[in-house]
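Novice: Encoded as structure tokens, here's the structure I'll be asking about.
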Amino acid sequence: MTTKQRRQVVTHLLAAFAISARRACRLVRLSRSRWQYRSVRADDAALRARLRELAAKKPRWGYQQLHELLRREGRVVNHKKVLRLYREEGLAVSRRRRKKHVAIARVPLPKPTQRTERWSMDFVSDAV
């Protein structure tokens, strides 16, 4: 059960029954300080919109490059906040797979010209 759900249950208990907030919080196992807490986080709508715009212009750029662009625009924003918003918006750049290169060009072996020119071993049996 999330904190938000617990807060709703405590509020419902207070409205439906004549019990104290302390008792309602204890029943739901939610601390009173957590029940009373209100977030003071600033609204990030403008920053989110600008981050989406920049990511649309530069689709191969990650959050670090976009953070640098935001700083150059004059926005004072922490890189950890940019990363959090970047992930919440689902802007993660897909990782490129490395191309597999053949180390040596494959050339067929030359055909033996003499009788004992090519030897082979049988690894199925351990006798030579």
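Numbering-wise, the working numbering puts 119 at position 119 of the sequence shown, and it's gapless, one number per residue.
Backbone N, C-alpha and C define an ideal beta-carbon position, used for all residues, glycine too.
Please read these numbers as outputs of a predicted model, since none were measured by experiment.
(1) Only counting the same chain, and skipping five residues up and downstream in sequence, which positions put a Cβ closer than 7 Å to that of Val28?
(2) Buried or exposed for Tyr63, going by 16 or more other Cβ atoms inside 10 Å?
(3) Which runs of the alpha helix (DSSP H), 4 residues or longer, sit entirely within the segment 9 to 38?
(4) Hey, would you say Val93 sits closer than 9 Å to Leu47, going by beta carbons?
(5) Report the CB separation of Arg23 from Thr3 in whole angstroms; it is logged as a contact under 8 Å.
(6) DSSP state of Val82, grouped into three classes?
(7) Check whether the segment 51 to 66 and the segment 80 to 100 touch, using three or more Cβ-Cβ pairs below 8 Å as the test.
(8) Let's see if you can read the secondary structure: which residues bound the alpha helix (DSSP H) around Gln65?
Specialist: The structure says:
(1) Position 28 of the sequence shown holds residue 28. Closer than 7 Å at the Cβ level, and outside the excluded window around Val28, lie Arg6, Val9 and Val10.
(2) Within the sequence shown, the letter at position 63 stands for residue 63. The residue is buried, with at least 16 neighbouring Cβ atoms inside 10 Å.
(3) Assignment of alpha helix (DSSP H) within the segment 9 to 38, counting only whole runs of 4 or more residues, yields 21 to 28 and 32 to 36 in chain order.
(4) By one-based count along the sequence shown, residue 93 stands at place 93. By one-based count along the sequence shown, residue 47 stands at place 47. Between Val93 and Leu47, the gap from beta carbon to beta carbon reaches 9 Å or more.
(5) By 1-based counting over the sequence shown, the position of residue 23 is 23. By 1-based counting over the sequence shown, the position of residue 3 is 3. Not quite, the Cβ-Cβ distance comes to about 19 Å (not below 8 Å), so this is no contact.
(6) Within the sequence shown, the letter at position 82 stands for residue 82. Note: Val82 maps to helix in three-state DSSP.
(7) Short answer: they touch.
(8) Taking the sequence shown and counting its residues from 1, one reaches residue 65 at position 65. Element bounds for Gln65: Tyr63 to Arg72.
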